[in-house]
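Mature numbering (1 follows the signal peptide of the UniProt record, and there is no 0) puts the sequence shown at residues -20 to -1, 1 to 247. Glycine residues also receive a C-beta, built at the ideal position from the N, C-alpha and C atoms.
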Amino acid sequence: MRIKALMLATAGLTVAGGSAYIAQTLINTNAAESSPAPAVRLVPVVIAASDIGFGQEIERTMLSTIKWPENALPPGVYTEFTDLLPQGEDEGRRARRAIGKGELVLAGKVSNFGEKVTIVQTLGPNRRAMAIKVDAETAVGGFVTPGDYVDVLLTQGREESLRAVTILQNIRVIGVDQDSDEQSDMPEVARTVTVEVTPEQGQRLALAQEAGTLSLTLRTLEASEDAPLDSIRLSDLLIERSPVPVTEPVKTIKVRRANVMFKEEIR
């Protein structure tokens, strides 16, 4: 009897201890879930309060700040106006590219103090800027704007020898007359369009401008594969047969049977 009572007492203590452990675990879990998450520290970052055009000097009225999580600051961000604006007799910084309203002002988007900003700074490695003479007809009615991509066509010859050929494809427009702002969406009839080309493409453009008339065609915003295109001559257009397939008329014969007329088709 004593052994049985001892076993029952031991079992009771084990159950009680397990219940206490489970209760304490639940209490700790609920306390952890109900405790607030550590606060994220926010710091001010500089943004554009208005649109800033390419090459425009940055002034205080163009800037504002917003709060940003300190542990997620983008590289090159400015947290103080004094780091971005000139002090004393220093010349101001300029936008190396267009900065839209509400956009973060980053170090890579602005020049050093007093640094000159030109269209050359928008060119890629081993690229050149070259101007093409255009008018309303050859520049898509003035709808070509900086940042667009175009194909360049050459039209050459007279009368029956007239021909057209695409000499360059997928060429980036970096300027229209004196405007190089890629945020500009106002069409204008330009006299020159400046494009970004390789040295070899520049040579082809120089020859083409002397050989005939250059025209631009706007490309779609979607990626498309370039393929070599054959030149088209005027004689290719002046064909005698219609480009639309012509179906031959269906021939029929009349058959009279018992005063009833039937028509049968013969193909």
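For Asp159, the closest alpha carbon among the candidates Val175, Gln149 and Glu71 is that of Val175. Distances from the alpha-carbon of Ala144 to those of Arg21, Phe61 and Arg213 put Arg213 closest. Three or more Cβ pairs closer than 8 Å define a contact, and the segment 186 to 199 meets that threshold against the segment 122 to 136. Under the three-state reduction of DSSP output, Ala75 falls in the strand class.
When the five nearest sequence neighbours on each side are left out, the beta carbons in the same chain lying within less than 6 Å of the beta carbon of Gly56 are those of Leu86, Ala87 and Gly88, in order along the chain.
For Glu50, the CB contacts under 8 Å within the same chain, skipping 5 residues up- and downstream, are Val20, Arg21, Leu22 and Val23 in chain order. Taking all protein chains shown into account, Pro208 has fewer than 16 neighbouring C-beta atoms within 10 Å of its C-beta and is therefore exposed. Fewer than three beta-carbon pairs drawn from the segment 73 to 86 and the segment 110 to 121 are found closer than 8 Å, and the two stretches are therefore not classed as touching.
One Cα belongs to Asp31, the other to Thr135, and the distance between them is close to 40 Å.
Our two residues, Thr59 and Val26, have alpha carbons roughly 6 Å apart in a direct line. Residue pairing by DSSP places Met110 opposite Val175 in a beta bridge. In the three-state scheme derived from DSSP, where H, G and I count as helix and E and B as strand, Arg199 is classed as coil. Its chain contains Leu134, Thr135 and Gln136 as the residues whose beta carbon lies nearer than 7 Å to that of Gly192, once the 5 sequence neighbours on both sides are disregarded; these appear in chain order. Note on geometry: alpha-carbon atoms of Val90 and Lys81 lie some 15 Å from one another. Taking the Cα positions, Lys96 is about 15 Å away from Ala78.
Burial state of Ile46 is exposed, judged by a 10 Å Cβ sphere holding fewer than 16 other Cβ atoms. Distance from the Cα of Ala111 is smallest, within the candidate group Asn92, Glu69, Ile99 and Leu201, for Ile99. For Thr146, the enclosing beta strand (DSSP E) covers residues Arg143 to Val156.
When the beta-carbon positions are compared, Ile38 and Thr102 stay at least 8 Å from each other. The Cβ atoms of Ile151 and Val177 lie closer than 8 Å to each other. Around the Cβ of Leu217, a 10 Å sphere holds fewer than 16 other Cβ atoms; the residue is exposed. Under the rule that a run must span 4 or more residues, no alpha helix (DSSP H) segment is found entirely inside the segment 23 to 47. Between Arg171 and Asp157, the C-beta gap is smaller than 8 Å, which places the two residues in contact.
Pairing Gln183 with Lys113 gives a Cβ-Cβ distance that is not under 8 Å.
Nearest neighbour of Gly121 by Cα position, chosen from Val173, Gly94, Asn92 and Ile147, turns out to be Val173. Residue pairing by DSSP leaves Pro66 without any beta bridge partner.
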